[in-house]
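Novice:
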Amino acid sequence: MGSEDTMRMSVDIGGTFTDLVVEDGTGLSLYKAPTVPSDPVQGILDVLGTAATARDVPLAELLGKVGAFVHATTRGLNAVLTGNAARTAFLTTAGHPDVLLLREGGRQDAFDFTVPFPEPYVPRALTFEVTERITSTGEVLTALDLDALERTCDQLVAADVEAIAVCLLWSTVNPEHELAVGEVLDRRLPGVPHTLSHALNPSLREYRRASSAAIDASLKPLMSDYFSALTERLRDAGLRGRILMVTSAGGVIDAADAVARPILTINSGPSMAPVAGRAYALADTGSDDVIVADAGGTTYDVTLVRRGEIPSTRSAWVGDVGTGHMTGLPSIDVKSVGSGGGSIAWVDEGGLLHVGPQSAGSVPGPACYGRGGRSATVTDAALVLGYLDADGFSSGAMTLDAEAAVVAVKTSVADVLGIDVIEAADAILQLTTEQMVRAIEEITVGQGIDPAKAVLIGGGGAAGLNAHAVAERLGCRTLVVPAVGAALAAAGALMSDLTAIYSATAPTITSSFAIERVDAALAELVEQGREFARKAGVAPEEATIALFAEARYPQQIWELEVPLRVTAFAGPDDVADLAEDFHRTHLEILGITDPASPVEIVSWGARVTVRLEEANHQVGALPRGSAEITRRRAFVPGRGITDVPVVPLAAMEPGRPVRGPLLVEAPFTTVVVAGDAQCRIGESGSLVIETETDRPEKED
């Protein structure tokens, strides 16, 4: 936990707002400022200025107290999605130039020929074959042709490439040729960054290794410039503390490591919300089965946490599954749909209402922002229904134009459908709720899990508009809206540890286990973890190193991750324990097992964790308005527009619950409780809503 003189900050740049969470001796404080798409760093400086003004100190003085500054960004992700990454060349073993074209996946519907086959991440015109060949046992079958490589470098210079990815066959077993190619590239193209696949992602799957190397290389020029500008401008503003970047795997790394491997940050924004959601569910309800929902201005991100474990995947895609581009590296498994506060409502030619995936973003934003937006958004609909305070939106930072919201909803939806404006606004909110419910059902019911048995976490600035309705539709008995829920991802960044994941290729099978080779690989992984701790400035013994195997039954396509009980295999008993753990994991995840079958291990891994500081969930001096209970004209299903109590979160007393229908105004969000639900303050200062109907009556 920080002190009054040392604080930590985290920033999350969203599509609409840039969120800042500050941790000091009083707890967590939350601030927001509009995102500046043309200059994201300016948006960061703006929200820092907002915090300095709120605390009545100069910005330089505020930043001078910061020991660690944690940042999550979607800049790399957006560059890949929009095709604005660097002009990248791809070097691969002669005879295999189509690895990025053949790929994995494809059309979700194999017979839907209206969907074109995806283009490779690097076009064939920038794909170059390297004369060399390493065998699967690491032997040199064909020596590296250095003269041909020199001629290839001439072509790279002529093609004016900005980055280079190198992925040679079996470089994970013997990296000799990849390293030699890297040395030549350093000499011939010294200003052009490159990525060697064996160093970034030592995976047996060629497409994943090639794709991750290509994406990583393509992001290096862009992200290097971004991190340099971020660091320089923050230092100029007065920051002297450590700058850390959030990773897709749910941890943080030093900014220098992010520059060296920018692909690690590609899904950094959504990865932090599950970390915070898990912490608040445990603190306020004691539950470790959690549905974490983060509703921002553009997307609605959901994650299922089971028994306290945040799910991860190595098959994360940038873009649509199968037709996008696979990162091939560990990433928090997050389901996203285009339903956020800025999502645009529209009616198609057949008269059907839609919400999203288009978003008004921060520029021009919803119509009610008064920045030139004309389309009706979820935020406009909420204002029309009376759920938002036009004069005190975003803790008083903005004044909303209620008339513009009415005009937008009337023009875009009500008039087209021939219904009343209130009815149209309610339809927008109901459809948004259904889209959110479907996203959650996909990760729960779709996996045979009853969502009613989990706690729902409502995070994000737009979460409060639908969170209670979503909980009721799912049958969730408990909903938690953290007081810093409007910046759930940024709060999660302060609860995360310095992490790294290392991999080693040493394939073997339990029926003929190569103990010496495996133990050598595990020893190297442990040493890499210790070196990571040393670079982080802590003693190696203070790092937590969790070893795991990626295993499968022979002839299976996909592997499962199995934690290891040992750091080295002493004999047959340890191998038998690994097989037993795999059989149990296979049964739990896939519902079947084959104990008589041997287990094939494809690769080994180490997950290294270095604790930065003890996480602080408690809410401190959050910016908030009046603590007086008022009333506002708002829509209640079944009653229409009526007087509804407006209860500031600051006015709620621990141990004294209140009943809906009501509006709870938390910092930067309003929670709509449309039904007869019981609301109370949790241990962390969060709003806890009990939706069950068989609870005993309690005092209002």
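The C-terminal position of the sequence shown is numbered 1564 in my numbering, with every residue numbered one higher than the one before it.
Positions of the beta carbon are idealized from the N, C-alpha and C atoms, including for glycine.
If you're wondering where the values come from, they're calculated on a predicted model, not measured in any experiment.
1) What is the DSSP secondary structure of residue 1268, reduced to helix, strand or coil?
2) Counting pairs of beta carbons, one from the stretch 1291–1305 and one from the stretch 1324–1342, are three or more of them closer than 8 Å?
3) Straight-line CA distance for residue 1506 to residue 1500?
4) Hey, residue 928 and residue 1102 are a contact pair by Cβ (cut 8 Å); roughly how many whole angstroms apart?
5) Looking at C-alpha atoms only, which residue of 936, 906, 1157 is the closest neighbour of residue 1107?
6) Is residue 939 helix, strand or coil when you go by DSSP?
7) With a CB to CB cut of under 7 Å and the five nearest residues on each side skipped, what residues in its chain are close to residue 1413?
8) May I have a chain-ordered list of the beta strand (DSSP E) segments no shorter than 3 residues that lie completely inside the stretch 1141–1220?
9) How many angstroms separate the CA atom of residue 1236 from the CA atom of residue 1211?
10) For residue 1203, tell me which candidate among 1177, 1325, 1088 has the shortest Cα-Cα distance.
11) Using the Cα positions of residue 1222 and residue 1276, report the straight-line distance between them to the nearest angstrom.
12) My understanding is that residue 1381 touches residue 1397, with C-beta atoms under 8 Å, so please give their C-beta distance in whole angstroms.
13) State the start and end residues of the unbroken beta strand (DSSP E) segment that holds residue 1414.
14) Cα separation between residue 994 and residue 959?
15) Sorted by chain position, which residues of the same chain lie with C-beta nearer than 6 Å to residue 1036's C-beta, five sequence neighbours on each side aside?
16) Rounded C-beta distance between residue 1363 and residue 1139? I'm assuming under 8 Å.
17) Would you give the residue range spanned by the beta strand (DSSP E) that residue 896 belongs to?
18) Would the stretch 1141–1149 count as touching the stretch 948–964 if we require 3 or more Cβ pairs under 8 Å?
19) Check whether the Cβ atoms of residue 1151 and residue 1347 sit closer than 8 Å, and answer yes or no.
20) Let me check understanding here. Comparing Cα to Cα, which of 1241, 902, 1257 lies closest to residue 1294?
21) Pick helix, strand or coil for residue 1311, following the three-state DSSP scheme.
22) Less than 8 Å between the CB atoms is what I'm expecting for residue 1164 and residue 1200, so what's the real figure, rounded?
23) Of all the options 1455, 1285, 1129, 1114, which has the alpha carbon lying nearest to the alpha carbon of residue 1173?
24) If you draw a straight line from the C-alpha of residue 1121 to the C-alpha of residue 1145, how long is it?
25) Do the stretch 1035–1050 and the stretch 913–932 meet, that is, are 3 or more Cβ pairs less than 8 Å apart?
26) Touching or not, the stretch 1174–1181 and the stretch 895–915, by the rule of three or more beta carbon pairs under 8 Å?
27) Looking at residue 1079: is its Cβ nearer than 8 Å to the Cβ of residue 1187?
28) Where residue 1455 and residue 884 are concerned, what is the direct C-alpha to C-alpha distance, given to the nearest angstrom?
29) List in chain order: all unbroken beta strand (DSSP E) runs of 3+ residues lying wholly within the stretch 1349–1414.
30) Going by DSSP, what residues sit across from residue 1118 in a beta bridge?
31) Looking at the unbroken alpha helix (DSSP H) that takes in residue 1050, where does it start and where does it end?
32) Cα-Cα, which of 1026, 1043, 1074, 1075 is closest to residue 1053?
33) For residue 1538 and residue 1528, what's the separation of their Cα atoms in angstroms?
34) For the alpha helix (DSSP H) that contains residue 1517, what are its first and last residues?
35) Quick one: is residue 1423 buried, meaning 16 or more other Cβ sit within 10 Å of its Cβ, or exposed?
36) In whole angstroms, what separates the C-alpha of residue 870 from that of residue 1153?
Specialist: Concretely, from the data shown:
1) Working through the sequence shown from its first residue, we reach residue 1268 at position 404. In this structure, residue 1268 counts as helix in the three-state DSSP scheme.
2) yes
3) Locating residue 1506 in the sequence shown gives position 642, where the first residue counts as 1. Locating residue 1500 in the sequence shown gives position 636, where the first residue counts as 1. Computed Cα separation, rounded: 7 Å.
4) Walking along the sequence shown from the start, residue 928 turns up at place 64. Walking along the sequence shown from the start, residue 1102 turns up at place 238. Confirmed, about 5 Å.
5) Sequence index remark: in the sequence shown, residue 1107 carries index 243 (1-based). Cα-wise, what sits closest to residue 1107 is 936.
6) As a position in the sequence shown, residue 939 is number 75, starting the count at 1. If DSSP states are grouped into helix, strand and coil, residue 939 belongs with the helices.
7) Looking up residue 1413 in the sequence shown gives position 549. Closer than 7 Å at the Cβ level, and outside the excluded window around residue 1413, lie 1426, 1428, 1442, 1465, 1468.
8) 1154–1159, 1164–1169, 1199–1201, 1207–1211
9) If you number the sequence shown from 1, residue 1236 lands on position 372. If you number the sequence shown from 1, residue 1211 lands on position 347. Using only the alpha carbons, I get a separation of about 21 Å.
10) Looking up residue 1203 in the sequence shown gives position 339. For residue 1203, the nearest C-alpha among the options comes from 1325.
11) Position 358 of the sequence shown, counting from 1, holds the residue named residue 1222. Position 412 of the sequence shown, counting from 1, holds the residue named residue 1276. C-alpha separation (whole angstroms): 14 Å.
12) For the purposes of this step, residue 1381 is identified with residue 517 of the sequence shown, where counting begins at 1. For the purposes of this step, residue 1397 is identified with residue 533 of the sequence shown, where counting begins at 1. That belief does not hold up - the Cβ atoms of residue 1381 and residue 1397 are roughly 26 Å apart, past 8 Å.
13) In the sequence shown, the residue the question calls residue 1414 occupies position 550. Unbroken beta strand (DSSP E) run through residue 1414: 1408–1416.
14) As a working mapping, residue 994 is identified with position 130 in the sequence shown. As a working mapping, residue 959 is identified with position 95 in the sequence shown. Roughly 9 Å separates the two Cα atoms.
15) The residue given as residue 1036 occupies position 172 in the sequence shown. Excluding positions up to five away in sequence, the list reads 1062, 1066, 1369.
16) Taking the sequence shown and counting its residues from 1, the one referred to as residue 1363 is at position 499. Taking the sequence shown and counting its residues from 1, the one referred to as residue 1139 is at position 275. With 8 Å as the limit, residue 1363 and residue 1139 do not qualify as a contact, their Cβ atoms being about 11 Å apart.
17) What you label residue 896 is simply residue 32 of the sequence shown in a count that begins at 1. Where residue 896 is concerned, the enclosing beta strand (DSSP E) stretches over 891–898.
18) no
19) Counting from one through the sequence shown, the residue named residue 1151 turns up at place 287. Counting from one through the sequence shown, the residue named residue 1347 turns up at place 483. The answer is no: Cβ separation not under 8 Å.
20) Translated into the one-based positions of the sequence shown, residue 1294 becomes position 430. It is 1241.
21) In the sequence shown, the residue the question calls residue 1311 occupies position 447. DSSP places residue 1311 in helix when its eight states are reduced to three.
22) As a working mapping, residue 1164 is identified with position 300 in the sequence shown. As a working mapping, residue 1200 is identified with position 336 in the sequence shown. Between residue 1200 and residue 1164 the Cβ distance is about 7 Å, and since that is below 8 Å, they are a contact.
23) Counting from one through the sequence shown, the residue named residue 1173 turns up at place 309. Comparing Cα-Cα distances from residue 1173 to each of 1455, 1285, 1129, 1114, the minimum goes to 1114.
24) As a working note, residue 1121 is residue 257 in the sequence shown. As a working note, residue 1145 is residue 281 in the sequence shown. So the alpha carbons of these two residues sit roughly 32 Å apart.
25) no
26) no
27) Residue 1079 sits at position 215 when you count from the first residue of the sequence shown. Residue 1187 sits at position 323 when you count from the first residue of the sequence shown. Contact flag unset, no.
28) Position 591 of the sequence shown, counted from the start, is the residue given in the question as residue 1455. Position 20 of the sequence shown, counted from the start, is the residue given in the question as residue 884. For residue 1455 and residue 884, the distance between alpha carbons rounds to 43 Å.
29) 1362–1368
30) Here residue 1118 refers to the residue found at position 254 when the sequence shown is read from its first residue. DSSP, once it has assigned bridges, lists 1108 as partnering residue 1118.
31) By 1-based counting over the sequence shown, the position of residue 1050 is 186. Run containing residue 1050: 1040–1052, per the alpha helix (DSSP H) assignment.
32) Translated into the one-based positions of the sequence shown, residue 1053 becomes position 189. It is 1026 whose Cα lies nearest to the Cα of residue 1053.
33) The count along the sequence shown starts at 1 and reaches residue 1538 at position 674. The count along the sequence shown starts at 1 and reaches residue 1528 at position 664. If you take the alpha carbons of residue 1538 and residue 1528, they lie about 11 Å apart.
34) Here residue 1517 refers to the residue found at position 653 when the sequence shown is read from its first residue. Taken as a continuous stretch (DSSP letters only), residue 1517 belongs to no alpha helix (DSSP H), as it is neither H nor E.
35) Position 559 of the sequence shown, counted from the start, is the residue given in the question as residue 1423. Residue 1423 is buried by the Cβ-count criterion.
36) In the sequence shown, counting from the first residue as 1, residue 870 sits at position 6. In the sequence shown, counting from the first residue as 1, residue 1153 sits at position 289. Rounded to the nearest angstrom, the two C-alpha atoms are 34 Å apart.
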